[in-house]
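Residue numbers (full-length UniProt numbering): 1 to 428.
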């Protein structure tokens, strides 16, 4: 078959898939808005989220969950065999979407001593939903801590007695609870599992399959583009000590920025991440202390003329890095280009932290825990990459005011993320 025939067939196949997706989206849209019972609504929303097609119905899901929240009182007298499952599902979905729900909703499942009823210990579906829901606890919610302990103990006792796909879902949750699992990973597993459920919705399943194939095709194209970029960069700068983390960083980027609308975000984020990794490797494992100081000086100047102060092996890397950031700036819309100055400032600060750690190593300095945390939290790269995610990857049209002011209110959140990143890395 001629190459042009193959290209034409591929185009027609994608065109047909997109037409089918649009058709199926309209059907699911109607299902959401026509949902009358709380049970059907929360189960449908849960399936859409686990199949990672909820992005197509953001407004509809918000609307139906508001209805679920407001009309819960009417459902309280309704007792079903799946009551623990449905109440837990409702609790988790509402909290995930920013609605406040009290943990008191689980009091009905407790005995006179305040403990969960032992009769629930064989309800695998309900226990699994309770376990996942309780992981959305706020600090100090001991009732949810108790719910985790009870459901975990009960689920562990049921392992070996459960059928597929419940057995696999319980095993995964006991390892990593659903709210902490990257949605992309859950989708890859759940598409097959959902098909095994007797009550699965064929329209929703078909939409999930087609959507997954379309987005997988796009991801493969992006990964190819990034791999070629990295190969060209690595071969030209010849820094043999630099780690290749393109595939790893792209995977996590897909978990952050899912869907066709965020293609630019994924490309930019992975490139910045890999350049930061090369900076880190230079400071951490290769450069002498004197070279570290020179590299940091060049970073602070952020000008190609600074290449004259660098050791020869870093000259081309420095030029390439500045060129890449210029290219990223060119990819931004005219009213977005100002953001690059904030990212440059963050990278300069990150360089300072890398240098401080290099100085500690050279001096054999043992910092206090607080001193170590202050520096290593920032040198983890998390705060810098969080800023990149907000300023370079998110478009104003996404409903986010991507400015330095908009990112400053998240300082405590970013700090906490940096600490988690550092602690997890130090445990390896």
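Built from N, CA and C at the ideal position, the CB exists for glycine as well.
Source: prediction; values computed, not measured.
Residue 214 places its beta carbon less than 8 Å from that of residue 21. Between the alpha carbons of residue 310 and residue 357 lies a gap of roughly 20 Å. Listed as beta-bridge partners of residue 110 by DSSP are 116.
Inter-residue distance for residue 47 and residue 234 is about 42 Å (C-alpha atoms, whole angstroms). Contact annotation: residue 201 and residue 24 have beta-carbon atoms that are not nearer than 8 Å. Counting only residues of its own chain and dropping the five nearest sequence neighbours on each side, residue 125 has a CB closer than 6 Å to the CB of 85. Residue 54 and residue 88 have their C-alpha atoms roughly 19 Å apart. Residue 421 and residue 365 have their alpha carbons spaced roughly 23 Å apart. In this structure, residue 281 sits away from residue 318, with a CB-CB distance that is not shorter than 8 Å. Looking at 355, 334, 360 and 275, the one whose alpha-carbon comes closest to that of residue 323 is 275.
Under the three-state reduction of DSSP output, residue 36 falls in the coil class, being neither helix nor strand.
Close CB contacts of residue 144 within its chain, under the 7 Å cut and outside five residues either way in sequence, are with 103, 134 and 137 (chain order). The count of Cβ pairs closer than 8 Å, one atom from the stretch 63-70 and one from the stretch 105-113, stays below three, leaving the stretches out of contact.
By the neighbour-count criterion, in which a residue is buried when 16 or more other Cβ atoms sit within 10 angstroms of its Cβ, residue 308 is exposed.
Cβ neighbours of residue 255 within its own chain (closer than 6 Å, five residues either side excluded): 182 and 184. Its Cα nearest to that of residue 60, the residue 35 stands out among 83, 71, 51 and 35.
Comparing C-alpha distances from residue 58 to each of 40, 96 and 71 shows the shortest one belongs to 96. The alpha-carbon separation between residue 152 and residue 146 amounts to approximately 10 Å. CA-CA distance, residue 246 to residue 170, rounds to 32 Å. With fewer than 16 neighbouring CB atoms inside 10 Å of its own CB, residue 369 falls in the exposed class. Excluding the 5 residues flanking it on each side, residue 226 has same chain C-beta neighbours closer than 8 Å at 246, 250, 267, 270 and 271, in chain order.
With respect to the 8 Å criterion, residue 243 and residue 277 are classified as neighbours on the basis of their beta carbons. Taking residue 341 as reference, the option from 177, 374 and 329 with the minimal CA-CA separation is 329. Each of 94, 359 and 354 was checked against the Cα of residue 384, and the nearest Cα belongs to 354. DSSP, read as helix, strand or coil, puts residue 243 in coil.
Taking the Cβ atoms as the reference, residue 265 lies roughly 4 Å from residue 257, within the contact range of under 8 Å.
A distance below 8 Å separates the beta carbons of residue 391 and residue 339.
When C-alpha distances from residue 210 are compared across 41, 156, 16 and 382, the shortest belongs to 16. Sequence-distant Cβ neighbours of residue 218 in its own chain, meaning closer than 8 Å and more than five residues away, are 260 and 263.
When the beta-carbon positions are compared, residue 314 and residue 295 come within less than 8 Å of each other. If the five residues before and after residue 387 are omitted, its C-beta is found closer than 7 Å to the C-beta atoms of 342, 343, 346 and 407, all from its own chain and listed in chain order. Rounded to whole angstroms, the separation of the alpha carbons of residue 381 and residue 236 is 25 Å. A direct Cα-Cα distance of roughly 29 Å separates residue 367 from residue 301.
Residue 348: member of the alpha helix (DSSP H) spanning 339-363, first to last residue.
Assigned with DSSP and collapsed to three states, residue 252 falls in helix.
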